[in-house]
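Let me begin by presenting the structure, written as C-alpha cells, before commenting on it.
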Amino acid sequence: MLTPSSVRWPTPRSYSVSLEEMYREVILDHYRNPRNRDPLDKIDATAEGNNPLCGDEVTIEVSLNGDTVDAISVRGQGCSISQASASMMSKAVLGKTEKEVAEITDTFKKMMGVIDTDENVVDDDRPGATLGDLEALQGVRKFPVRIKCADLAWTTLEEALNR
Amino acid sequence: MLTPSSVRWPTPRSYSVSLEEMYREVILDHYRNPRNRDPLDKIDATAEGNNPLCGDEVTIEVSLNGDTVDAISVRGQGCSISQASASMMSKAVLGKTEKEVAEITDTFKKMMGVIDTDENVVDDDRPGATLGDLEALQGVRKFPVRIKCADLAWTTLEEALNR
Amino acid sequence: MTDWAAIRADFPILSREMNGYPLVYLDSAATSQKPQAVLDAIIDFYSTTNANVHRGAYSLADEATSRYEDARSTVARFIGAQPDEVVFTRGATSAFNTVAYGWALRNVTEDDRILLTIMEHHANIVPWQLVSDLTGCSIEFVGITESGLLDMDDFHRLLDDDVKLVGVSMASNVLGTINPIAEIAEAAHRAGSLVIADAAQAVPHTSVDVYETGADWICFSGHKMLGPTGIGVLWGRPEILEAMEPAEGGGEMISDVRLDGSAWAAVPHKFEAGTPPFAQAVGLKAAIDYLEAIGMDEVERREQELTEYALKSMAGVEGLTVYGPATAEGRVGAISFSLADIHPHDLATILDQRGVAIRAGHHCARPLARTLNVPATARASVYLYNQESDVDALIGALADAKELFSVA
Amino acid sequence: MTDWAAIRADFPILSREMNGYPLVYLDSAATSQKPQAVLDAIIDFYSTTNANVHRGAYSLADEATSRYEDARSTVARFIGAQPDEVVFTRGATSAFNTVAYGWALRNVTEDDRILLTIMEHHANIVPWQLVSDLTGCSIEFVGITESGLLDMDDFHRLLDDDVKLVGVSMASNVLGTINPIAEIAEAAHRAGSLVIADAAQAVPHTSVDVYETGADWICFSGHKMLGPTGIGVLWGRPEILEAMEPAEGGGEMISDVRLDGSAWAAVPHKFEAGTPPFAQAVGLKAAIDYLEAIGMDEVERREQELTEYALKSMAGVEGLTVYGPATAEGRVGAISFSLADIHPHDLATILDQRGVAIRAGHHCARPLARTLNVPATARASVYLYNQESDVDALIGALADAKELFSVA
Ligand SMILES: Cc1ncc(COP(=O)(O)O)c(C=O)c1O
Ligand SMILES: Cc1ncc(COP(=O)(O)O)c(C=O)c1O
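Protein chains in written order, with numbering that gives the first Met the number 0: chain A, 0 to 162; chain B, 0 to 162; chain C, 0 to 407; chain D, 0 to 407.
Shown next, in the form of C-alpha cells:
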C-alpha cells in the first residue's frame, strides 16, 4: 500500500505547447546566466521592486551619462520569468537614452497587454520589431498570473528613472 | 394603493390555545398589579438579575427574621411573564423559611423544566400541588424562549440568599 | 413595473410555514432573507472555484482571486467608490472596530472628543468606548427632537475643534430616521473632524454614493442586503486608508515579515489579515447584482410604499405608538412601536403564533431606549420581498394581543 | 474500512477539469474543499431557518439561535471543551488578534517578552508585533534543527520568567512538523507564561483535546477543515476568557451600554461583537459531523498513509529536496519542497498545466523561509479526499518541469 501505486497516471501527454512557448531557451538562459548583475559604483537612479504575492524581488541601479543609460545593474530573486525579464531588459536599455528607454518600456508593456493597445504590437510576421530577445516573453501572455512577473523589472525601472 | 388594502388576511382564527394558557388572568393581574414592590428598610439579602437578551430586569430585597423571609421587595421591568413570576414568587416565599424557599424554588424550576426531573411535578389532576397561583406559569413551558423570563426572579432570589 | 410577487418567490424561506401560518418576516432590519440567486452563487463557488485567494499560482486560485476581486469591484461600483477603497470585513461591527484600532487608537488623545448621536447602534458606540478607555478621550452624544429627528442645534452646539471624530448613522435601525449626513459631514470637516457613517440601514435600502455623503468612512453589512452572514464592508477615503494602521495582523496583509517588524501590503489588503471571507464576498456580489437588476431607486420606492402602508395601518390601531417619523418620507422601513401596556416581548410571542416575526428589545441601541424612556420597543421592518398582506397580518395579530391582554 | 473513493465523490469540485486534466487538488493546507453535506447544510439553513441570532423572541430566531449554539456545542465536543469556552471568530487570524487586543495589550509591558517559533505562520507573528509596537514588549524566536524540528534546547534557553506568552504552532504549515505542545506548555507554565497554540493545521487532521495540549488558548479556521470561509474558533481556558477584555465592541457582546461606559456580556458572547457568522457556524458543524462520521483517527491514519506515499514517491525524483521531516511520522501532510533550480513559481505554473494545484511562495511564513534560506518553496498538501493517483499526477508533472527546464 505504501509503495508507489501501480495505478499510474494516464501516459503523460507532452506538456502543453503554451508552456513550451513560455519557457523558451533564451529565457532559461537569461534566468540561469543573468546579465548585468554587478553593483555600480556611480548610481544616478535606483529602485527596488517586489511582488508581495509571489515574492519576486528586483533591485535596479542605473548610471546615467547625460540622459543615456551608461551602466545598469539588475539583481534580484524570483521565478524564471521575472529574472529573465530583468536580465533581458538590462541588455535592451543599456546605451539607450531615457526617451528610448521609455519607448521600449511602452512597447514591451503593450506586448504584454499591461498597457492597452489597438495595434498588434509584436507580430511574428513583422521581423523588424524592436524588442529583440524580449519578444520571447510573449509566451507569458497565455499565463495571465505570470504577466506581473514579466512586468516587475520594467515597473521598477520606470520608478527608478522617474524619481 | 396606499390605503389599507382590501385583500384582508384570512378571517382571524382565534389565537392559539397555548397563548391563552400562557396569558392567564392571574398572570396579567400580577403583571399589572405587582405585589410587594415597596423598598425595604432592613435588607439582609439582595440581588439584581437581568436577561441581557430581552432586557428583563429584576431587583430583589429580602429581610430575614432568623431564617424566615420576613419581608420581601421585588421591583423590575420587563415582560408580563418575568414580572408576574416575580410578583407571584414574592407572595409565595413571604413568611417561609430559607429551607422552604429552596423547596419551592426547586419545585418551580422542575415545573418549568429548568431542572430535570423524572416525576411529573405539577399535574393538573393533582390539585394538592404546593405552588398555588404559580402553577399558572406552567403555560410558559410551551414557549421555550420565554422560560428564562419566568425563571429570572427565582434565579435572582437564589443568588440573593446564597450570598 | 417590477413584478414584486415574482421577487418574493425568489426567497425560498418565505414559503415556509410558521406555527400553522405562512411566515410573515418583518425583521429585515436585523437580517435579510436571501434570494435563490445568492444561494446558487455560493454553492457554485464552492463547487467549482474554491481555492484560497491571493496565494496560488495555479489556475483555480487565480479564478478564485478574480471572483473575490470582482466582488470588490461590484461593491465599489455599487457605492460609487474605487475598488481599492473597499475593505472586506466580518460585518459592519468589525468595520467600526477596524477604524477604532487602526485610526482612533493612534490619533485620538485625552484632550479630544468623539461626537456620536443618541440614536447610534452599539456598533457605533462601544468601539469608541474601548478607544476612550485606552486613550482617555471623551465621548458626547447628540440628542434627538420630539419627533425623532436628530437635534441639529444640539449637534452644532457640541461640535467644536476638540472633536476629532463624528459618528453618525445614515438611518436609524430603531426610529427609521434618515440623518442629514452631508450637512453633518460638512460641518464636521469645517471643525476639523473626520466622519464615520453607519450605513448598515442605508446601503440595503437606497442608492448610496459614498462621496456624496461627505463621510470619510462608511460601514455596512452584507447580511442585511440579501447577502450572506460573515461579510461586511469598510469604505474609506483612499488617503485616509493609506495613513491608517492595520487593526488585525496576519497573513496577506503584509508585504514583508521580519523578526524585528513587518511592512504592510497596499490598501485594501493591509486591512484584510488572514484568509478573507471570499465565498461570502462572492455571495455579496450576487446580492448586489440582484438588487441592481431591480434598481435601487425602485427598491427604495417600493419600500417607501410599504412603509407608508404600514404606518397608515398602524395609525388605525388604538393604543399603538410609533417611535420616529410618522410618515414614510425621511425614514426607512424600520418601524418601532409599542401597544398599550403590552410588553414588546409579549407582543413578539403573540404575533409569532400567527407566523408574524417582529423584534422586541432595545435593538442594540440602549442609549436611545433610555432617551425614549422605554425599556424596549417592538419593531417591524420591511424589505423588498414584503407585501401589503404582511402588514395586514401584523395588524390582525395585534388585535389578538389586545384581546389576550384585555386591552380595549 | 472507509470507502475513500466514496468520500472523494462527496466533493463536487474534485470532478472538475483543469487545463484539460482532472483537477488534482494538493493545496488543502491553504484551504480545504467542501463536501456536499456542508453545502447542503448552508443552503438548508438559509432556506429554512435564517434569522439573526440571540435577538428575536419569535420562533424562527429561536431556531436560528439553537442552530448557532448547537454548532458551538459541536465544536466544543470535537475539541474536548465546554461550549462557553468556544468563541466564534472570522478565522484563526482573528482568533490570534482577539487575544492580542483582549489580553496581551493589557497584560504585557515593555519589560516582558513574547516567545514565538521561527516556524510560525504570520497569523501567530504579526499580531504580537502590533502588541509590541503598542506596549514595547520584545519578541524572540525559537529556532529549528537541521531536520526541521523545533529546537527544544533553544526553547528552554530562551524561556525565562520575563516571558509572558509562548506562541507555537501545533503543526507547521510549511514543514509539516508536529511540535511537542504539551511539553512546551508545561515548561512555559512553570516559567509563569501563558501559551497560545496555532491549531490551524492540527484540528483538521488529527483529534485534538484542548486540555491535553496544555495550552491556554487555541486558534483554528473552519475553511481548512471542510467548513466554509468566514469562521474560525478561539478556544480559551474559562478563567482566562473571563478575565480578558473584549477586542471588538458592538452589539451582542454587551449586557448594558450607557453613555459613560458599558458592561460586557458573559463569555463567550463578550468576544462576539455584532452579528456573528451564524450561517458559517452551521456549515462548520456539518463539516465536523462529516469528519466525525469517518472518525478523526481514521482521517489521521489515511493522511499518514498518503503522506508516506507522497514522501516515498518524491524521494524517487532526482534533484528534489523536501523541507521538514522525511517520514510521515511526526508530521502532517503539508510537504514543502524544491526541485533543482526550477523556481517554485515556475513549478506551480507547469504543474497547473497538468491540472495539479500546488502552492508556491513563502506560505505566510517568511521568517521560516529566511531561515531555510529559500526565497520560496513549492508545497503539496493532502487531505482525506486525496488519493495515491493524485501523488502520481504530481510526480508525473514534475517530470514535465524537469524536461522544460532541461534538468537531468
Ligand atoms: C499554521 C497556520 N496558522 C494560521 C493560519 C491562518 O488561518 P486563516 O488565514 O484562516 O486566518 C494558517 C492558514 O493560512 C495556517 O496554516
Ligand atoms: C444601524 C446599524 N448599525 C450597525 C449594525 C451592526 O451590524 P452587524 O451586526 O452586521 O455587524 C446594525 C445591525 O445590527 C445596525 O442596524
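Backbone N, C-alpha and C fix where the C-beta goes; we use that ideal spot for every residue, glycine too. Computed from a prediction, not measured in an experiment: that's the story for all the values here.
Quiz item: Can you find a C-beta in chain C that's less than 8 Å from the C-beta of Arg-145/B?
Solution: In the second sequence, counting from the first residue as 1, residue 145/B sits at position 146. Chain C contact via Cβ: present.
Quiz item: Comparing the CB of Ser-220/D with every heavy atom of ligand 1, is any distance shorter than 7 Å?
Solution: Reading the fourth sequence from its first residue, position 221 is the one you call residue 220/D. Yes, the Cβ of Ser-220/D comes within 7 Å of a heavy atom of ligand 1.
Quiz item: So Pro-82/D packs on Ala-91/D, CB below 8 Å; how close in whole Å?
Solution: The residue labelled residue 82/D in the question sits at position 83 within the fourth sequence. The residue labelled residue 91/D in the question sits at position 92 within the fourth sequence. No, Pro-82/D and Ala-91/D are not in contact; Cβ-Cβ is about 20 Å, not under 8 Å.
Self-check item: Own chain, CB closer than 7 Å to Glu-97/B, minus 5 neighbours either side, in chain order
Solution: Here the question's residue 97/B lines up with position 98 in the second sequence. If we look at Glu-97/B and ignore the five residues flanking it on each side, its Cβ neighbours are Asp-66 and Leu-160.
Quiz item: Three-state secondary structure (DSSP) at Gly-127/A?
Solution: Taking the first sequence and counting its residues from 1, the one referred to as residue 127/A is at position 128. For Gly-127/A, the pLDDT reaches just 36, beneath the cut-off of 50, and the residue's location in the model is therefore unreliable, although a value from the coordinates is still provided. It is coil, neither helix nor strand.
Quiz prompt | Buried or exposed (CB count within 10 angstroms, at least 16 for buried), Thr-116/A | solution = Counting from one through the first sequence, the residue named residue 116/A turns up at place 117. The residue in question, Thr-116/A, is exposed, as its Cβ has fewer than 16 Cβ neighbours within 10 Å.
Exercise. State yes or no: is the C-beta of His-120/D nearer than 7 Å to some heavy atom of ligand 1?
Key: Translated into the one-based positions of the fourth sequence, residue 120/D becomes position 121. Yes; taking the cut-off as 7 Å, the Cβ of His-120/D has a heavy atom of ligand 1 nearer than that.
Exercise. Please compile the residues from chain A whose C-beta is within a distance smaller than 9 Å of the C-beta of His-344/C.
Key: What you label residue 344/C is simply residue 345 of the third sequence in a count that begins at 1. Within chain A, no residue comes near His-344/C; the closest Cβ sits about 52 Å away, beyond 9 Å.
Practice problem: Taking Val-144/A as the reference, give the member of Ser-58/C, Glu-307/C and Thr-73/C with the closest Cα. | Solution: In the first sequence, residue 144/A corresponds to position 145, counting from 1. Closest by alpha carbon: Ser-58/C.
Self-check item: Same chain, Cβ closer than 7 Å to Ile-143/C, five either side skipped, listed in chain order
Solution: Residue mapping note: residue 143/C aligns to position 144 of the third sequence, counting from 1. Ile-117, Met-118, Leu-149, Asp-150 and Thr-370.
Quiz item: Would you call Lys-41/A buried or exposed, if buried means 16 or more other Cβ atoms sit within 10 Å of its Cβ?
Solution: As a working note, residue 41/A is residue 42 in the first sequence. Exposed is the call here.
Practice problem: With hydrogens ignored, establish whether the beta-carbon of Asp-197/D is closer than 7 Å to any heavy atom of ligand 1. | Solution: In the fourth sequence, counting from the first residue as 1, residue 197/D sits at position 198. Under cutoff, so the answer is yes.
Quiz item: Do you know whose CA, among Val-139/B, Gly-112/B and Thr-45/B, lies nearest Ser-72/B's CA?
Solution: Sequence index remark: in the second sequence, residue 72/B carries index 73 (1-based). Among Val-139/B, Gly-112/B and Thr-45/B, the Cα nearest to that of Ser-72/B is on Thr-45/B.
Quiz item: Is any heavy atom of ligand 1 found at a distance shorter than 7 Å from the C-beta of Ser-31/D?
Solution: Numbered from its first residue, the fourth sequence carries residue 31/D at position 32. False, no ligand heavy atom lies under 7 Å from that Cβ.
Self-check item: Where Lys-95/B sits in the DSSP three-state scheme
Solution: Residue 95/B sits at position 96 when you count from the first residue of the second sequence. Coil at Lys-95/B, not helix or strand.
Practice problem: Pull up the distance between the alpha-carbon of Asp-197/C and that of Phe-142/A, whole angstroms please. | Solution: If you number the third sequence from 1, residue 197/C lands on position 198. If you number the first sequence from 1, residue 142/A lands on position 143. Cα-Cα distance, rounded: 42 Å.
Quiz item: In chain order, what residues of the same chain lie with their CB nearer than 6 Å to the CB of Ser-31/C, ignoring the 5 residues before and after it?
Solution: As a working note, residue 31/C is residue 32 in the third sequence. Within the same chain, Ser-31/C has close Cβ partners Lys-223, Leu-225 and Tyr-382.
Practice problem: Verify the CB distance criterion: does Gly-54/A have a CB-CB separation below 8 Å to chain D? | Solution: Numbered from 1 along the first sequence, position 55 holds the residue referred to as residue 54/A. It does: the Cβ of Gly-54/A has a partner Cβ on chain D nearer than 8 Å.
Quiz item: From which residue to which residue does the beta strand (DSSP E) around Cys-218/C run?
Solution: Within the third sequence, numbered from 1, the residue matching residue 218/C stands at position 219. From DSSP, the beta strand (DSSP E) with Cys-218/C extends over 216-220.
Quiz item: Touching or not, the segment 274-294 of chain C and the segment 54-72 of chain C, by the rule of three or more beta carbon pairs under 8 Å?
Solution: yes
Quiz prompt | Three-state secondary structure assigned by DSSP to Phe-404/D | solution = Looking up residue 404/D in the fourth sequence gives position 405. Phe-404/D falls in the coil class under three-state DSSP.
Quiz item: If we count the other Cβ atoms within 10 Å of its Cβ and call it buried at 16 or more, is Glu-60/A buried or exposed?
Solution: Stepping through the first sequence from its first residue, residue 60/A is reached at position 61. That one is buried.
Quiz item: Does the distance from the CB of Ile-78/D to the CB of Asp-208/D come in under 8 Å?
Solution: Numbered from its first residue, the fourth sequence carries residue 78/D at position 79. Numbered from its first residue, the fourth sequence carries residue 208/D at position 209. A contact, by the Cβ cut-off of 8 Å.
Practice problem: Starting from the Cα of Arg-330/D, find the closest Cα among Ser-168/D, Pro-267/D and Ala-246/D and give me that residue. | Solution: Your numbering for residue 330/D matches position 331 in the fourth sequence. Taking only the C-alpha atoms, the option nearest Arg-330/D is Ser-168/D.
Practice problem: Return yes when the C-beta of Thr-212/C is under 7 Å from any heavy atom of ligand 2, and no when it is not. | Solution: Residue numbering aside, residue 212/C sits at position 213 when the third sequence is read from its first letter. No, the Cβ of Thr-212/C stays beyond 7 Å of every heavy atom of ligand 2.
Quiz item: Is it buried or exposed for Ser-405/D, if we count other Cβ within 10 angstroms and need 16 for buried?
Solution: Mapped onto the fourth sequence, residue 405/D falls at position 406. Looking at its Cβ environment, which holds fewer than 16 other Cβ atoms inside 10 Å, Ser-405/D is exposed.
Self-check item: chain B contact for Asp-61/D (CB, 8 Å cutoff)
Solution: Here the question's residue 61/D lines up with position 62 in the fourth sequence. Interface residue, yes.
Quiz item: Does the Cβ of Thr-274/D lie closer than 7 Å to at least one heavy atom of ligand 2?
Solution: Taking the first residue of the fourth sequence as 1, we reach residue 274/D at position 275. It does: the Cβ of Thr-274/D is within 7 Å (strictly closer) of some heavy atom of ligand 2.
Quiz item: If you measure from the beta carbon of Ser-15/B to each beta carbon in chain C, is any gap under 8 Å?
Solution: For the purposes of this step, residue 15/B is taken as the residue at position 16 of the second sequence. Yes, Ser-15/B lies at the interface with chain C (some Cβ there is under 8 Å from its Cβ).
Practice problem: List the residues of chain D that Ala-347/C touches, going by C-beta distances under 8 Å, in chain order. | Solution: As a working mapping, residue 347/C is identified with position 348 in the third sequence. Result: Gly-55, Ala-56 and Tyr-57.
Quiz prompt | Rounded C-alpha distance that separates Thr-422/D from Cys-78/A | solution = Summary: the structure shown does not reach residue 422/D, with chain D confined to residues 0 through 407, and so no result is reported for it.
Quiz item: Tell me the DSSP bridge mates of Trp-263/C?
Solution: Position 264 of the third sequence, counted from the first residue, corresponds to residue 263/C. Per DSSP, Ile-253/C.
Quiz item: With 16 as the cutoff for other CB atoms within 10 Å, does Asp-61/C come out buried or exposed?
Solution: By 1-based counting over the third sequence, the position of residue 61/C is 62. The residue in question, Asp-61/C, is buried, as its Cβ has 16 or more Cβ neighbours within 10 Å.
Practice problem: Select from the segment 357-369 of chain D all residues with a C-beta closer than 9 Å to any C-beta belonging to chain A, and list them in chain order. | Solution: Ala-359, Gly-360, His-361, Arg-365 and Ala-368
Quiz item: Cβ of Lys-147/A within 8 Å of Cβ of Asn-50/A?
Solution: By 1-based counting over the first sequence, the position of residue 147/A is 148. By 1-based counting over the first sequence, the position of residue 50/A is 51. The answer is yes: Cβ separation under 8 Å.
Quiz item: Cβ atoms of Asp-26/D and Ile-357/D: under 8 Å apart, would you say?
Solution: Working through the fourth sequence from its first residue, we reach residue 357/D at position 358. Working through the fourth sequence from its first residue, we reach residue 26/D at position 27. Taking 8 Å as the Cβ cut-off, Ile-357/D and Asp-26/D qualify as a contacting pair.
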